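Sequence positions in the sequence shown follow the numbering used here and run 46 to 351.
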Amino acid sequence: MQIMMGIGAVERDTGLSKDALRVWERRYGFPMPVRDDLGERAYPIDQVDKLRLLKRLLDQGHRPGKIIHFSVPELQQLVQPPAQSADVVSGADKNDLQVYLDLCKAHQAEALRHGLSQALSRMGLERFIVELLAPLNRLVGDAWSNCALQVFEEHLYTESVQIVMRAAISSVQHPQGNVLLRPRILLTTLHQEQHGLGLLMAEAIFALEGASCISLGVQTPIMDIVNAARSQGADIVALSFSGAMNPRHVLEGLVDLGSKLPPGTELWAGGHCPVLERRPPAAVKVLSKLSEIQDSLIDWRARHEV
């Protein structure tokens, strides 16, 4: 039986808006959904895989009309590797990262968790996140975007990382008598964002820097975020965005949330969503790298010291 996805699920998975999907269907004849028993559009999983590739190529500057009829292998050849950043390690280390990806593809969940746990013990939490986990997430994300990793394999990887990271975060301790201000940080994603590893890594860095973290997990409706921020007395609401998130949803969601948060509650946003750097909304602090968390907390403390 062929796996099918509704138009809302396709929008969340690919980052392509429902309007774009309908326009492409009418203008280019792709995608070609079928109608379910209620008359709603349903998309075969192989079309969703191709749409994911198309979204990545659009982000790189390609026009849909020029590439939409290419085959998946042809689209994969067009995909450019992401420009290197501070989170991307050297070529020699990429071979080490490939070991974890291979375990994921071989469905060796226990071996994957064991390998990650060993690396964590050897490197310490902060180095593990910045030097290993961040580039590994990028490698896994690229494999998923290029259809080289199946959806269930990406879920297996995510679950393994969450198990290792949750145990590590719960073990973070702060010295008795620590006089640093401990901002209360509420961490979550908007309801359209289903990817949570970036959020988890940010939580770990915040915890290491002495913040008090309250995590709501992923896909939280805006009014629930507002109510949680008020009830928890949050100083900061921190949101994570992946590259799959629709840019319009990112900007509209941040503006809407920012207008509803209690006075004095700051809104911070991070992740690998290009629109955050191109057009950050006013009054939203954008953290483009995990390494910026420390300086941002130093600045927050300086502004709130009595």
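Cβ atoms here follow ideal geometry from the backbone N, Cα and C, with glycine treated the same way. Predicted model only: the values in this text are computed from it and were never measured.
Given residue i as reference, the closest of the options once Cα atoms are compared
i: V124; options: L181, R101, H114 and P109; result: R101
i: R108; options: G186, V117, W69 and P78; result: W69
i: L201; options: I338, I214, L165 and L242; result: L242
i: Q153; options: S257, S205, G53 and Y73; result: S205
i: A54; options: D340, P307, Q264 and E322; result: Q264
i: P187; options: A327, G288, S333 and F75; result: With the sequence shown as reference, residue 187 is identified as Asp, and Pro is not the correct amino acid for it. Minimum Cα distance to D187 is reached at G288.
i: L61; options: Q143, R97 and L332; result: R97
Opposing strand residues paired with residue i [DSSP bridges]
i: W313; result: A283 and K330
i: M406; result: Missing from the structure shown is residue 406; the chain here goes from 46 to 351 and no further.
i: C258; result: I230
i: R80; result: R86
Where residue i falls: helix, strand or coil (DSSP)
i: S130; result: Only weak support is given to the placement of S130: the predicted model assigns it a pLDDT of 42, under 50, and the value that follows is read from those uncertain coordinates. Here S130 sits in coil by DSSP.
i: F251; result: helix
i: L242; result: helix
i: L235; result: strand
i: Q339; result: helix
i: S135; result: At S135, the pLDDT of 43 sits below 50, so the modelled position is not reliable; the number obtained from the coordinates is stated separately. Residue state, collapsed to three classes: coil.
i: F197; result: helix
i: G9; result: Shown here, the chain extends from 46 to 351; a query on residue 9 therefore has no answer.
i: R346; result: helix
i: H152; result: coil
i: S166; result: helix
Enclosing alpha helix (DSSP H) for residue i [first to last residue]
i: P266; result: Element bounds for P266: n/a, residue is neither H nor E.
i: F173; result: From DSSP, F173 is part of no alpha helix (DSSP H); its letter is neither H nor E.
i: N191; result: Careful: N191 lies outside any alpha helix (DSSP H) and carries neither H nor E.
i: L321; result: P319 to R323
i: Q121; result: V117 to L123
So, do the segment 227-234 and the segment 271-280 have three or more beta carbon pairs nearer to each other than 8 Å? yes
Segment contact, 8 Å Cβ cut-off, at least three pairs: the segment 172-185 with the segment 76-92: With the rule of 3 Cβ pairs closer than 8 Å, the segment 172-185 does not count as touching the segment 76-92.
Measuring CB atoms only, is the segment 303-312 touching the segment 245-260, in the sense that at least three cross pairs come out at less than 8 Å? no
Is there contact here, the segment 308-317 with the segment 162-181, by at least three beta-carbon pairs under 8 Å? Fewer than three Cβ pairs drawn from the segment 308-317 and the segment 162-181 lie within less than 8 Å of each other, which leaves the two stretches out of contact.
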